[in-house]
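**Q** Numbering (my numbering), first residue to last: 5 to 521. Yeah, the Cβ is synthetic: ideal placement off N, Cα and C, and Gly gets one too. Submitted below is the structure of interest, expressed as structure tokens.
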Amino acid sequence: MEHNAFFRIATLKICGNLKIEAAMRDCIGAINDHLPVDRMFLQIYEPSLGAMRTIAMATVEQGRLLDVLTPLPRAVRDRIHRNLHRFPEGAVIIDSPERNPVAREMLRFHGTDGWSVMRMTLSTEAGRLGAVVLTAEGADRYDGNHVELLGLLQQPFAIALANTLDHREVLMLRDRLADDNQYLRRELHKIAGDEIVGADFGLKSVMRMVRQVAPTESPVLLTGETGVGKDVVAQALHQASARCNGPFIAVNCGAIPETLLDSELFGHEKGAFTGALAQKRGRFERADQGTIFLDEIGEMPLTAQVRLLRVLQHREIERVGGAERIPVDIRIIAATNKNLEQMVKTGTFREDLWFRLNVFPIPIPPLKERSEDIPALVQHFVERKAHELKLGHTPVLAPGEIEKLITYTWPGNVRELENLIERAMILCRGEPLRFELRTADKLPGRISSTTPDEEALMSLDDVIERHIRRALERTDGQIHGEKGAGRLLGINPNTLRHRMRKLGILFNKAKRKENRN
């Protein structure tokens, strides 16, 4: 065959398949009439191991991926190291394999003693030394014409070797990432606790409902005040479901600006808007085969509610700026501290979406209604914070402190208890823990009647809190819009919400009215 035609046909076979073993098989079929070859091997030398690794092997019938190390005697390793950068370019015939230490070991290892051997050295840009080896049954099967033909294929085989090594590394990194992901998930589960504190007491009914609904694919709606632990219950739902090995993606709908919400949830295509420099996968895509937790679902704008409804109905999304419909296999858990039914009546939450989410509601009681859980929660948080603060020991409570905690009303629920314990452990180093509880006139929803002189002595946070509450009084609890508190105070509504959350000011208008009364 004319050399150009041979090169073109063989190169198409070598580079025409992403699977190197299949490419080698196809190559044998294309060149077998011009080069005697019964078996073809692709190999790479591993200097750190002193061994030859066979990556793939092919015959005319089949190709196989291998990961076989052939140990080489010390004398052979020393010879390779001495000649590492002096191996001959092109193909060579190994006339007497039994006298060539490398060929002898390789033929013996692969059970082809007495076969003819032709080897072509391959080097990659990364400096790796490899070879493609052709063997044919019987002696003296190769001649100078065969050497010339195989030498034409040095560059295609070198490219194939480099691509194969890169692909193997990508697969190893992928597997390592998956292992790390599983490990981190287990560690996070340990940190959060193998079981929910209070599962056998104040949250017994909640956990019974979790066990009932977890094996299903039904949406779940968690309701309850801020700080009761809706995120922890959502994690427990995910861990008890068949999706526990899949991702758990949490989204705080109230913390994402409305202009970025679509991009965060559904992703975007490159160039979809100014600043979209690359394609981005949204939270729904990342939750594929797992669970997505939509916290503060009541804060989601109506426009986003429409698109969420589509996801629930059709199990597919469209990225911002894209037209392709992307299927997603997800389970949705939503949570809110608002009365969604009342919001449906006022037109601030879609009725059809509420029906979709409200398949299995789980109300989570506030901490003040499950005071029997407080001793266990205190012990849990004290042990965890002692580890986080690197105290080296677990502090004890001063006499009478646990009774004080049990009788407190806990407007901030479990989150307030956790923060209270952490603050006490910082202040009471080496001493029994004592807690400073907020007095009634400083609880959310109550405005103390201070005189101007007294107000001058208030902390900055207290002054800001009072100012925000007065703005909310004037706007009847409205935050967004022309008549909202954000506009009145001259700040972004999302910034205002963040400040309110930090100061413990409830978002729920009904609760504010109740507190004022």
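Roughly how many whole angstroms lie between the Cα atoms of residue 207 and residue 368?
**A** The alpha-carbon atoms of residue 207 and residue 368 are separated by roughly 8 Å.
**Q** Count Cβ pairs between the region 258-278 and the region 223-242 that sit closer than 8 Å; are there 3 or more?
**A** No, because fewer than three Cβ pairs between the region 258-278 and the region 223-242 fall closer than 8 Å, the two stretches do not touch.
**Q** Which of helix, strand or coil does DSSP assign to residue 168?
**A** Residue 168: helix per DSSP, three-state reduction.
**Q** For the beta strand (DSSP E) that residue 30 lies in, which residues bound it at each end?
**A** It is not in any beta strand (DSSP E) - residue 30 instead sits in the alpha helix (DSSP H) that spans 24-35.
**Q** Could you tell me whether the Cβ atoms of residue 135 and residue 45 are closer together than 9 Å?
**A** yes
**Q** Is residue 219 near residue 244, with beta carbons less than 9 Å apart?
**A** yes
**Q** For the beta strand (DSSP E) holding residue 71, just list the boundary residues, first then last.
**A** Annotation: the continuous beta strand (DSSP E) that includes residue 71 extends over 67-75.
**Q** Check whether chain D comes within 9 Å of residue 33, counting only Cβ atoms and requiring the distance to be less than that.
**A** The chain labelled as chain D is not found in the depicted structure, where only one protein chain is given.
**Q** Going by beta-carbon coordinates alone, are residue 73 and residue 61 separated by less than 9 Å?
**A** No, the pair does not count as a contact, with Cβ atoms beyond the cut-off.
**Q** Measure from the alpha carbon of residue 525 to the alpha carbon of each residue in 255, 78, 228, then state which is nearest.
**A** The chain is shown only over 5 to 521; residue 525 falls outside these bounds and no answer can be derived.
**Q** Can you list, in chain order, the stretches of the alpha helix (DSSP H) that have 4 or more residues and sit fully within the region 256-327?
**A** Fully enclosed alpha helix (DSSP H) runs of no fewer than 4 residues occupy 262-270, 287-290, 306-318 of the region 256-327, in order along the chain.
**Q** For the beta strand (DSSP E) that residue 481 lies in, which residues bound it at each end?
**A** Where residue 481 is concerned, there is no enclosing beta strand (DSSP E), given that its DSSP letter is neither H nor E.
**Q** Hey, how far is the Cα of residue 6 from the Cα of residue 35?
**A** Taking the straight line joining both Cα atoms gives about 12 Å.
**Q** Taking just the CA atoms, how far does residue 160 sit from residue 176?
**A** 24 Å
**Q** If we ignore side chains and look at the alpha-carbon of each, how far apart do residue 498 and residue 28 end up?
**A** Going from the Cα of residue 498 to the Cα of residue 28 covers about 60 Å.
**Q** Just the C-alpha distance for residue 76 and residue 96, rounded to the nearest angstrom, thanks.
**A** 21 Å
**Q** Check residue 364 in the structure and name its three-state DSSP category.
**A** strand
**Q** Please determine if the region 372-389 and the region 335-345 are in contact, where contact requires at least 3 C-beta pairs separated by less than 8 Å.
**A** Counting Cβ pairs under 8 Å, fewer than three are found: no touch.
**Q** Would you report the Cα separation of residue 226 and residue 279, rounded to the nearest angstrom?
**A** 36 Å
**Q** So the candidates are 414, 488, 343, 257; which of them puts its Cα closest to the Cα of residue 371?
**A** 414
**Q** If you draw a straight line from the C-alpha of residue 345 to the C-alpha of residue 358, how long is it?
**A** 8 Å
**Q** Let me check you understand the geometry: is the CB of residue 65 closer than 8 Å to at least one non-hydrogen atom of the ligand ATP?
**A** Summarising the ligand content, the structure contains no ligands, and the ligand ATP is consequently not present.
**Q** Taking 9 Å as the threshold (C-beta atoms), are residue 313 and residue 266 in contact?
**A** no
**Q** May I have the straight-line CA-CA distance separating residue 503 from residue 331, to the nearest angstrom?
**A** 37 Å
**Q** Count the CB pairs spanning the region 430-444 and the region 468-488 that are closer than 8 Å, and state whether there are at least three.
**A** no
**Q** How would you write the range of the alpha helix (DSSP H) that residue 500 sits in, first residue to last?
**A** 497-507
**Q** Please specify which runs of the beta strand (DSSP E), each continuous and at least 3 residues long, are wholly inside the region 347-413, giving them in chain order.
**A** Correct list: 364-367.
**Q** Take the Cβ of residue 398 as the centre, count every other Cβ of all protein chains shown within 10 Å, and call the residue buried at 16 or more, exposed below.
**A** exposed
**Q** So which of 428, 297, 51 has the shortest CA-CA distance to residue 78?
**A** 51
**Q** Please report the straight-line C-alpha distance between residue 282 and residue 273, rounded to a whole angstrom.
**A** 7 Å
**Q** Thinking residue 169 and residue 128 are a contact (beta carbons under 8 Å), I'd like their distance in whole angstroms, please.
**A** 7 Å
**Q** Given this structure, state the Cα-to-Cα distance separating residue 285 from residue 270, to the nearest angstrom.
**A** 7 Å
**Q** May I ask you to report which of helix, strand or coil DSSP gives residue 161?
**A** Note: residue 161 maps to helix in three-state DSSP.
**Q** Measuring CA to CA, which of 308, 13, 212, 19 is closest to residue 164?
**A** Cα-wise, what sits closest to residue 164 is 19.
**Q** Residue 335 by DSSP, collapsed to three states: which one?
**A** strand
**Q** Which first and last residues belong to the beta strand (DSSP E) in which residue 60 is found?
**A** Per DSSP, residue 60 belongs to the beta strand (DSSP E) from 55-62.
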